[in-house]
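Protein chains: 2
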Amino acid sequence: MAQQLLQALDRAGVRLTGPRRELAHLIAQRAGHFTAADLLADAERRQLGIGRATIFRLLELLAEQNLVERVDLPDGRHAYVPCEPSHHHHLVCISCGGSSEVDDCGIDAVAAEAARRSGFEIQSHRLELFGRCPGCQSGTSPQ
Amino acid sequence: MAQQLLQALDRAGVRLTGPRRELAHLIAQRAGHFTAADLLADAERRQLGIGRATIFRLLELLAEQNLVERVDLPDGRHAYVPCEPSHHHHLVCISCGGSSEVDDCGIDAVAAEAARRSGFEIQSHRLELFGRCPGCQSGTSPQ
DNA sequence: CCATAGATGAGACTTAGTCTCATGTAGGTT
DNA sequence: AACCTACATGAGACTAAGTCTCATCTATGG
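Going down the list, the sequences are from chains A and B. Its first residue numbered 118, the first sequence is counted upward by one per residue in the numbering used here. Its first residue numbered 118, the second sequence is counted upward by one per residue in the numbering used here.
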């Protein structure tokens, strides 16, 4: 998965630097969503000497390429989820932090209906679903 | 509208203090969504002497009572929208900042379908629609 | 191997939000 | 009407998230 990220960055015409390679691996190792602070902590723990700015810059870059999507957690924090570069939405597990993707399966219709009722001209939408993933439902980790 | 907010606060059993009354009016005067910083600026402009903490405390209180809902703007900032205390979603105008409410009109079905496909047990969801309101579409204020 | 545009780390800076604490006051009680 | 006290407040220290600048470094095309 780190390779996918790096290939996509290469395709986007940016340089494949050391810090970027290392961060790609750190992201690949995180199962679900992660915050900028998580990445920063990972990098510090491994003493990679990567600056805070570099991390934010890479996340911005990845978000531009739709390789990562920004998600707003219910508590107001910002997290990122690595994902396929197509339009879709995320299911975020509030217990383990894992996430999975769902395609639109009907939201466009909902948006169209809302547009019709309100007269708005809808340009984008964001749907986030929060709950417990199958693994966390089977009693292992309450919360 | 300020009255509605104040009545609801009274019903919730909290004190109707001077700062709260003043903030209720400031909120009522803002057409659409606003950020904590907006309110703070309003209060300072009028020299009301209201502290930053008081504003955040009131917003938290209003959010708890569902009198105001927290919305994450596409640029990552947090805003608040005064609203009816029932479950619904917001249409936010990216041009003038106005907003209106839409009821679920089918999102529950989408969520149920996503749950079925993924095995997640969904607890909450958040849908935000961004676009241009009828007023802003009629050429007056581009972008 | 070189030149250079693009990337980096350090750290100052800005902004959002939280916390503490001494003081003030709403509103029920008498 | 005056009193009491739990709740609310403002000030400002504090923390965390994110941005910016700038001198240095390096990936990569030639």
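A virtual CB, placed ideally from N, CA and C, is assigned to each residue, including glycine.
Using a Cβ-Cβ cut-off of 8 Å (strictly less than) and excluding sequence neighbours within five positions of residue i, which residues of its own chain qualify?
i        : result
ARG249/B : CYS210, ILE211, SER212
HIS242/B : ILE224, ALA228
HIS195/B : THR152, ALA153, ARG187, VAL188, ASP189
HIS81/B  : This structure cannot speak to residue 81/B, because chain B is shown only from 118 to 260.
LEU133/A : LEU123, LEU126, ASP127
Identify whether residue i lies in helix, strand or coil by the three-state DSSP scheme.
i        : result
HIS207/B : strand
ALA214/B : Correcting the residue identity first, residue 214/B is Gly in this sequence and not Ala. Coil.
PRO136/B : helix
GLY76/A  : Here chain A has residues from 118 to 260 only, and residue 76/A is not among them.
ARG249/A : strand
ALA154/A : helix
GLN182/B : coil
ARG233/B : helix
ARG187/A : strand
ARG128/B : helix
ALA196/A : strand
ARG174/B : helix
GLU238/B : strand
LEU244/A : strand
SER258/B : For SER258/B, the predicted model reports a pLDDT of 45, less than 50, meaning its position is unreliable and no value from the coordinates is stated.
LEU122/A : helix
In its own chain, which residues sit with a C-beta less than 6 Å from the C-beta of residue i, not counting the 5 before and 5 after it?
i        : result
MET118/B : ALA145
GLY252/B : none
VAL131/B : none
ILE167/B : PRO136, ALA160
LEU179/A : VAL185
GLN120/A : none
ALA170/B : none
ALA129/B : GLN182
GLU177/B : none
Return the chain-ordered list of same chain residues with a C-beta closer than 7 Å to the C-beta of residue i, the five sequence neighbours on each side being excluded.
i        : result
ARG137/B : LEU126, LEU175
LEU184/B : LEU122, ALA125, PRO199, PRO202
PHE247/A : PRO191, VAL209, ILE211
ALA148/A : GLY215
ARG163/A : none
Between residue i and residue j, which are expected to be in contact by the criterion C-beta below 8 Å, what is the C-beta distance as a whole number of angstroms?
i        : j        : result
LEU140/A : ILE172/A : 7 Å
GLU245/A : ASP192/A : No, GLU245/A and ASP192/A are not in contact; Cβ-Cβ is about 13 Å, not under 8 Å.
SER255/A : SER235/B : With 8 Å as the limit, SER255/A and SER235/B do not qualify as a contact, their Cβ atoms being about 15 Å apart.
GLU186/A : TYR197/A : 7 Å
GLU238/B : ALA231/B : Not a contact, Cβ separation roughly 11 Å.
LEU165/B : LEU156/B : No, LEU165/B and LEU156/B are not in contact; Cβ-Cβ is about 10 Å, not under 8 Å.
Notebook entry, point to check: Which residues, taken in chain order from the stretch 230-248 of chain B, show a beta carbon closer than 9 Å to some beta carbon of chain A?
Noted result: Going along the stretch 230-248 of chain B in chain order, one finds GLU230, ALA231, ALA232, ARG234, SER235, GLY236, PHE237, GLU238, ILE239, GLN240, SER241, HIS242, ARG243, LEU244, GLU245, LEU246, PHE247, GLY248 with a Cβ nearer than 9 Å to chain A.
Check: If you measure beta-carbon to beta-carbon, which residues of the stretch 185-208 of chain B are closer than 9 Å to chain A?
Finding: Of all residues in the stretch 185-208 of chain B, ARG187, ASP189, PRO191, GLY193, HIS195, HIS206, LEU208 have a Cβ within less than 9 Å of some Cβ in chain A.
Note to self: Give me the subset of the stretch 125-144 of chain B whose CB atoms are less than 8 Å from a CB atom of chain A, sorted by chain position.
What the structure shows: Against chain A - using a Cβ distance shorter than 8 Å - the stretch 125-144 of chain B contributes no residues.
Item checked: Cβ-based contacts, 7 Å cut-off: residues of the stretch 212-227 of chain A near chain B -> Listed by position along the chain: SER217, VAL219, CYS222, GLY223, ILE224, ALA226, VAL227.
Checklist line | Where the stretch 154-167 of chain A meets chain B: residues whose CB sits under 8 Å from a CB there | finding: Correct list: empty, as no residue qualifies.
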